[in-house]
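In this text, residue positions in the sequence shown follow this note's numbering: the first is 56, and each later residue adds one.
The structure appears below as structure tokens.
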Amino acid sequence: MNIFDLPPLNATLNGLSTGFVALGWWAILRDRKRLHITSMVTALVCSTAFLTCYLCYHFGMVAAVGEGSVRFTQPGWIRLFYYLLLATHLLLAFTILPLVILTVIPALRARFDRHRKMGRFTLPIWLYVSITGVLVYFMLYQWYPSTHFEELKRRFELKSRAGQGAA
């Protein structure tokens, strides 16, 4: 496994987080509190694992090839759509961590009135960020594969071979 294997793992963790957040929401609407707690804790674990892998990927890319992100190389209207999607995703992604913390703390303190109030605000943003994260992955790596990503992988392989030859 190398740094280039992390994007599908990140998308999987994001997808799992989406599923568990949705299940937690479904559960609390039906007053199934244990399932709600289990689902939301699992979503939090998946999101934490995602954030860890995401940061490792981007910092690892800088260390491996000198660039921390992959450019979307598809031309035309889909490029505009991708960057609009990415912009809204990133903007809300920066807000979701503090929102989740501000939603979890009242639950831990048994202040369920505050937890419910924050949850109504946090839930749709968490779902949007998770879903658009998966969409960004599919657009960048699957549906419209970035030629820039392939170039970075070749650069990494050449650098790795050169390092092995020196050993």
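Glycine included, every Cβ here is placed at the ideal spot set by N, Cα and C.
Buried or exposed (CB count within 10 angstroms, at least 16 for buried), residue i
i, result
"Thr73", "buried"
"Ala222", "Note that Ala222 scores a pLDDT of 48, beneath 50, so its modelled location is shaky; the value from the coordinates is reported in the next line. Result: exposed."
"Val117", "exposed"
"Phe105", "buried"
"Leu207", "buried"
"Trp81", "exposed"
"Met173", "buried"
"Ser185", "buried"
Rounded distance between the beta-carbons of residue j and residue i, thought under 8 Å
i, j, result
"Phe75", "Cys101", "6 Å"
"Val96", "Arg210", "Not quite, the Cβ-Cβ distance comes to about 40 Å (not below 8 Å), so this is no contact."
"Ala77", "Val189", "That belief does not hold up - the Cβ atoms of Ala77 and Val189 are roughly 13 Å apart, past 8 Å."
"Leu147", "Tyr183", "6 Å"
"Tyr112", "Leu68", "That pair is no contact at about 11 Å."
"Gly115", "Ile151", "Not a contact, Cβ separation roughly 23 Å."
"Ser94", "Gly79", "3 Å"
Same chain, Cβ closer than 8 Å to residue i, neighbours up to 5 away in sequence not counted
i, result
"Val155", "Leu99, Ser102, Thr177, Trp181"
"Tyr227", "Any question about residue 227 goes unanswered here, given that the chain covers just 56 to 222."
"Leu64", "Cys108"
Same chain, Cβ closer than 7 Å to residue i, five either side skipped, listed in chain order
i, result
"Leu140", "Thr187, Leu190, Val191"
"Ser201", "Val125, Arg126, Phe127, Thr128, Leu195"
"Leu157", "Met173"
"Ile83", "His91"
"Leu135", "none"
"His203", "Val125, Arg126, Thr128"
Neighbourhood of residue i by C-beta distance below 6 Å, restricted to the same chain and skipping five residues each side
i, result
"Gly123", "His113, Met116, Val117"
"Pro161", "Arg169, His170"
*Check whether the stretch 191-205 touches the stretch 114-133, taking contact to mean three or more Cβ pairs, one atom from each stretch, closer than 8 Å.*
With a cut-off of 8 Å, the stretch 114-133 and the stretch 191-205 count as touching, because enough Cβ pairs lie within range.
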